[in-house]
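Undergrad: One structure coming up, written as structure tokens, with questions to follow.
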Amino acid sequence: MSTPAPLALTGAGLAYGERSVWSGLDLTVDVGEFLTVLGPNGSGKTSLLRSILGLQPLTAGRLEILGRPARRGSKSVGYIPQQRLIDPATPVRARDLVRMGIDGDRWGPGLRSHRARVDELLAAVGATSYADVPLGLLSGGEQQRVRIAQALGTSPALLLCDEPLLSLDLRHQHEVTALIHETREATGTAIVFVTHEINPVLPWTDRVLYLAPAGHAIGAPDDVLTSANLTELYGTPVEVLRSQGRVLIVGGDEHTHHVDEAHE
Amino acid sequence: MIAQLAASTVSASGDDWWNRLFSFDDYGELLSLVHNSIIAGAVLGLVGGLIGVFVMQRDLAFAVHGISELSFAGAAAALLFGIDVVLGSVLGSVLAALLIGVLGTRARDRNSIIGVLMPFGLGLGVLFLSLYPGRAANKFGLLTGQIVAVDDARLGVLVAISAVVIAGLLVIWRPLTFASVDPDVAAARGVPTRALSFVFMLLLGLAVAMAVQVVGALLVLSLLITPAAAATQISASRLMVPLLSVVFAVTSAVGGILLALGGNVPISPYVTTISFVIYVVCRLVGRRRSKRGWTRRPRDASRSPHLTTLPYARAVDDRRPTRRGVRGWSPYAWALTITLALPALAVGIGWLVLPHHVASGQCEGIGFGCVPDPADGLLIVAMIVGIPVCLAAAAVSCIAIAIAQAARRHRERNVEA
């Protein structure tokens, strides 16, 4: 291995006190790979993201980004959050948000505007026409485009997407996922896409990491998403149906609501 | 100042309310007495305008009010125990700010904590004041502001505190903006959001304690919220919002002090009225702007089926070449109307409406024992205060418009190139 992988987990495990969230996780995400992380609520998807961001230390194993241990504020990791309502009165334009992605974590007033770089990023996601519009006046899909531009500010090797499709309609879901796919084609950044809804990202997904109460599975979507596999992961009968390139998972979720994240 | 207060108690007969609001017989003399206060007002405007931007971003208006009440309690305690009033109010407000910062990390939690602290602070303050045997004017001043004879020592303290607040704000400016506007991503990027919130509350406490010295505890919001709120109505630029906010706050504070010199009522009605008028004007301008849409933007850019829409967006722009705003005269017309024509009109109407005789029977005119009649008094105020302020405002706004248009031209040329 000449260049270190954007993300490598070896025997990684996380536990809150007595309760183990996941353990024995061995995973290497390669340059330009699209990894989709699936799983019911409380299966530790968010905890995994927090660990990769260096906000949540592992309790076992190693987690390396480009061959170095994960640390807080790494420039190698970009982060796209859930779409969140932003007050229309907030005096922040789309271009300001993108600029924060470039140097928002540095001290001082920040007099450099990085205009050229910001324009370039906004153009890359097709957001040039609303660069100067306050963020709160943009639609959900537009906001997520701007967020992608923001996350690309440091040219990260790894892009974390934390359910970026929530509260978007189908058309915008497709646009945003396609844009993320285009981004990795163009820049070679690896994608870790956390979602509970596989279908919008199914066309682009290289591998799936399925986190479930009774363990986890890693592999190509067709290999992981089978009735037998998920029944074993959940410990209860689960059926996977396929129709017209879409996947429907029936059962499973009802039995997992009691597993809550300890820190919530 | 004291002579004036005494005069007011003697001659407050009701029919001369106008003279209590505006009388400028010995204006020049008073001006030299309070030039320290004017400096304090300007410095406070600077601090209030800057910190107000973050107060808006972090939705802390209620917290400011709560802190100011505890600052009042601290100042009242200091008055009673005979220690420095500024020290007392700084202690009170910093304590309150830190309590709110530690206990209230979530918005709802924070508001209830403020709701608990605020009446307690006010009650304590009232207790200390009622035990205080000194002059009533001092007590009232803590709540509603006064042109205290800010002596050199106190001015030094105020300026030093302001310097600390401004320096602190400049250092944490970028990460604080990030953490205020976009907390999730900021945390993901390693910004220490909790520590920043703590430091910000500390700076806010200091700023509030300063503002209490000038406008009083009840009206701190007029310098810490209103200017920033007005600025966000008309701009979203990360440079223009703090700049405008500071200009508005300084105008309110200094203008209020200058006007208050002429009357016998406390300083705060003048300060609050100026900042309120600025807010209303900005709100009207902002409404017009948001109705028109903030920027020219192709209506269906988000609807385009394809992803990199740059060529498409440019095609839309080409089809509708919008020269408007690039080199238009209408922004100048608006600026000059608001800064020059409206005040002139107001003064003209005032001169026509106000009585042309002195109600108290004193001799008319300017000089020993004489007062100008209300209408002339208005003209004098307009000449001394209004003309310089309005001209300065007109000049500043025209320069700002010219710079904004030049920047936009520059940008569009870049896009075309």
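Protein sequence lines correspond, in order, to chains X and L. Following my numbering, the numbering of the first sequence begins with 4 at its first residue and continues without gaps. Following my numbering, the numbering of the second sequence begins with 977 at its first residue and continues without gaps. Glycine is no exception: its CB is placed at the ideal position from the N, C-alpha and C atoms. None of the values given here were measured: they were computed from a predicted structure.
Between aspartate 106 (chain X) and chain L, is any beta-carbon pair separated by less than 8 Å?
TA: yes
Undergrad: What is the DSSP secondary structure of tyrosine 1288 (chain L), counted as helix, strand or coil?
TA: Confidence at tyrosine 1288 (chain L) is low in this model, with a pLDDT of 32, below 50, so its placement is unreliable and no value can be given for it.
Undergrad: Within the continuous alpha helix (DSSP H) that includes alanine 1139 (chain L), where are the two ends?
TA: 1128–1157
Undergrad: For glutamate 1258 (chain L), name the three-state secondary structure that DSSP assigns.
TA: The amino acid at residue 1258 (chain L) is misidentified as glutamate; the sequence shows cysteine. Note: cysteine 1258 (chain L) maps to helix in three-state DSSP.
Undergrad: Does the Cβ of tryptophan 1149 (chain L) have 16 or more other Cβ atoms within 10 Å, making it buried, or fewer, making it exposed?
TA: buried
Undergrad: Please classify phenylalanine 1057 (chain L) as buried or exposed, where buried requires at least 16 neighbouring CB atoms within 10 angstroms.
TA: exposed
Undergrad: I want to know whether the region 1018–1026 of chain L touches the region 1191–1210 of chain L - three or more CB-CB distances under 8 Å.
TA: yes
Undergrad: Answer yes or no: do arginine 150 (chain X) and phenylalanine 37 (chain X) have a C-beta to C-beta separation smaller than 8 Å?
TA: no
Undergrad: Could you list which residues in chain L have their beta carbon closer than 7 Å to that of arginine 71 (chain X), in chain order?
TA: Those do not exist, as arginine 71 (chain X) stays about 15 Å from chain L at its closest Cβ, beyond 7 Å.
Undergrad: Helix or strand or just coil, what does DSSP make of proline 1281 (chain L)?
TA: Confidence at proline 1281 (chain L) is low in this model, with a pLDDT of 38, below 50, so the placement of that residue should be treated as unreliable; the coordinate-derived value is given next. Here proline 1281 (chain L) sits in coil by DSSP.
Undergrad: Apart from the five residues on each side of it in sequence, which residues of its chain come closer than 6 Å, Cβ to Cβ, to arginine 74 (chain X)?
TA: Within the same chain, arginine 74 (chain X) has close Cβ partners Gly57.
Undergrad: Helix, strand or coil for cysteine 164 (chain X) per DSSP?
TA: In the structure shown, cysteine 164 (chain X) sits in a strand (DSSP, three-state: E or B).
Undergrad: Measure the C-alpha to C-alpha separation of alanine 1322 (chain L) and tryptophan 1305 (chain L) and round it to an integer number of angstroms.
TA: Cα-Cα distance, rounded: 24 Å.
Undergrad: Please list, in chain order, all residues of the same chain as isoleucine 1377 (chain L) whose beta carbon is under 7 Å from its beta carbon, the five residues on each side excluded.
TA: Pro1307, Tyr1308 and Ala1311
Undergrad: Which two residues bound the contiguous alpha helix (DSSP H) that contains tryptophan 207 (chain X)?
TA: Counting along the chain, tryptophan 207 (chain X) falls outside any alpha helix (DSSP H), and DSSP gives it neither H nor E.
Undergrad: CB-CB under 6 Å to glycine 3 (chain X), same chain, minus the five flanking residues each way: which ones, in chain order?
TA: Nothing about residue 3 (chain X) can be reported from this structure: the residues present for chain X run from 4 to 267 only.
Undergrad: Let me check understanding here. Comparing Cα to Cα, which of X:Val40, X:Val197 and X:Pro224 lies closest to glycine 248 (chain X)?
TA: Ranking X:Val40, X:Val197 and X:Pro224 by Cα distance to glycine 248 (chain X) puts X:Pro224 first.
Undergrad: Which whole-angstrom value is the C-beta distance of leucine 168 (chain X) and valine 179 (chain X), which I expect to be below 8 Å?
TA: Yes, leucine 168 (chain X) and valine 179 (chain X) are in contact; Cβ-Cβ is about 6 Å, under 8 Å.
Undergrad: Please state whether DSSP places tyrosine 1108 (chain L) in a helix, a strand or coil.
TA: coil
Undergrad: Do valine 250 (chain X) and leucine 182 (chain X) have their beta-carbon atoms positioned less than 8 Å apart in this structure?
TA: Taking 8 Å as the Cβ cut-off, leucine 182 (chain X) and valine 250 (chain X) do not qualify as a contacting pair.
Undergrad: When DSSP labels each residue in this structure, what does aspartate 29 (chain X) get in the three-state scheme?
TA: strand
Undergrad: What residues match up with valine 197 (chain X) in a beta bridge as DSSP calls it?
TA: X:Val40 and X:Asp165
Undergrad: Express the C-alpha separation of aspartate 172 (chain X) and proline 240 (chain X) in angstroms, rounding to a whole number.
TA: 31 Å
Undergrad: Whole angstroms are fine: how far does the CA of glutamate 200 (chain X) sit from the CA of aspartate 209 (chain X)?
TA: 16 Å
Undergrad: Would you kindly check if the distance between the Cβ of phenylalanine 1154 (chain L) and the Cβ of aspartate 108 (chain X) is under 8 Å?
TA: yes
Undergrad: Whole angstroms are fine: how far does the CA of glycine 1091 (chain L) sit from the CA of glycine 1192 (chain L)?
TA: About 20 Å.
Undergrad: If you count every other CB in all the chains shown that lies within 10 Å of the CB of alanine 1317 (chain L), and 16 or more means buried, which is it?
TA: Here alanine 1317 (chain L) is exposed. Its C-beta has fewer than 16 other C-beta atoms within 10 Å.
Undergrad: Does the beta-carbon of alanine 217 (chain X) have 16 or more other beta-carbons within 10 angstroms, so that it is buried, or is it exposed?
TA: exposed
Undergrad: Measure from the alpha carbon of alanine 1212 (chain L) to the alpha carbon of each residue in X:Met103, X:Val243 and X:Pro137, then state which is nearest.
TA: X:Pro137
Undergrad: Can you tell me whether leucine 141 (chain X) is buried or exposed? The criterion is at least 16 other CB atoms within 10 Å of its CB, across all chains shown.
TA: buried
Undergrad: Output the boundary residues of the beta strand (DSSP E) element that contains glutamate 67 (chain X).
TA: 63–68
Undergrad: So within the region 203–243 of chain X, which uninterrupted alpha helix (DSSP H) runs reach at least 4 residues, ignoring any that extend past its ends?
TA: 224–227 and 230–237
Undergrad: If contact means a Cβ-Cβ distance below 8 Å, which residues of the region 1145–1162 of chain L contact chain X?
TA: Leu1146, Val1147, Ile1148, Trp1149, Arg1150, Pro1151, Thr1153, Phe1154, Val1157, Asp1158, Asp1160, Val1161 and Ala1162
Undergrad: Could you tell me how far apart the beta carbons of leucine 1055 (chain L) and glycine 1097 (chain L) are, in whole angstroms, since I believe they sit closer than 8 Å?
TA: Leucine 1055 (chain L) to glycine 1097 (chain L), Cβ: 15 Å. No contact.
Undergrad: For the region 1163–1188 of chain L, which residues have a beta carbon sitting closer than 8 Å to at least one beta carbon of chain X?
TA: Ala1163, Ala1164, Arg1165, Gly1166 and Val1167
Undergrad: Determine which residues of the region 1354–1373 of chain L have a Cβ less than 7 Å from any Cβ of chain X, and write them out in chain order.
TA: none
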